[in-house]
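Per this note's numbering, the sequence shown starts with residue 503, numbered consecutively.
The structure appears below as structure tokens.
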Amino acid sequence: MLLDNFSEEQLKRYEVYRRSALSKPNVKRMVGQILGHPCSHNMSIVVAGFAKVFVGEIVEKALDVRQEWGETGSLSPEHLREAYRRYKKETKLTHNYQKRLFTK
């Protein structure tokens, strides 16, 4: 099984990740504010799940960055920024929310 191959540190991180959760009422309120209308309970569960996976991916990338840079200790904002930059590059995530006129 996969868990049998985890190091002690990986197992601890996995247990913390597994037990963590985003507050469903807070997620529901935030999604409602963004969309401009109420968010269903099921939708808040889905969004919270996606957010948890996203945060997990960024933290794992930040740990890789810290190791590549030869640093130890806690993650710093620089590690997280670099991890997010790499994530955007890998997924081609853009923040271009402006409407484009006269384009197909």
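Beta carbons: idealized from backbone N, C-alpha and C, even for Gly.
Whether residue i touches residue j by CB criterion (8 Å)
{"i": "Pro540", "j": "Gly534", "result": "yes"}
{"i": "Val567", "j": "Ala585", "result": "yes"}
{"i": "Ser578", "j": "Lys554", "result": "no"}
{"i": "Leu537", "j": "Ala564", "result": "no"}
{"i": "Val518", "j": "Val549", "result": "no"}
Residue i (DSSP reduced to helix, strand or coil)
{"i": "Thr593", "result": "helix"}
{"i": "Phe556", "result": "helix"}
{"i": "Glu570", "result": "helix"}
inquiry  = Please give me, in chain order, every unbroken run of the alpha helix (DSSP H) with length at least 4 that falls completely inside the region 524 to 554.
reply    = DSSP runs (the alpha helix (DSSP H)) wholly in the region 524 to 554: 526 to 537.
inquiry  = Does the structure place the region 504 to 512 close enough to the region 539 to 556 that three or more beta carbon pairs sit under 8 Å?
reply    = A contact between stretches requires three or more CB pairs, one per stretch, nearer than 8 Å, and the region 539 to 556 fails this requirement with the region 504 to 512.
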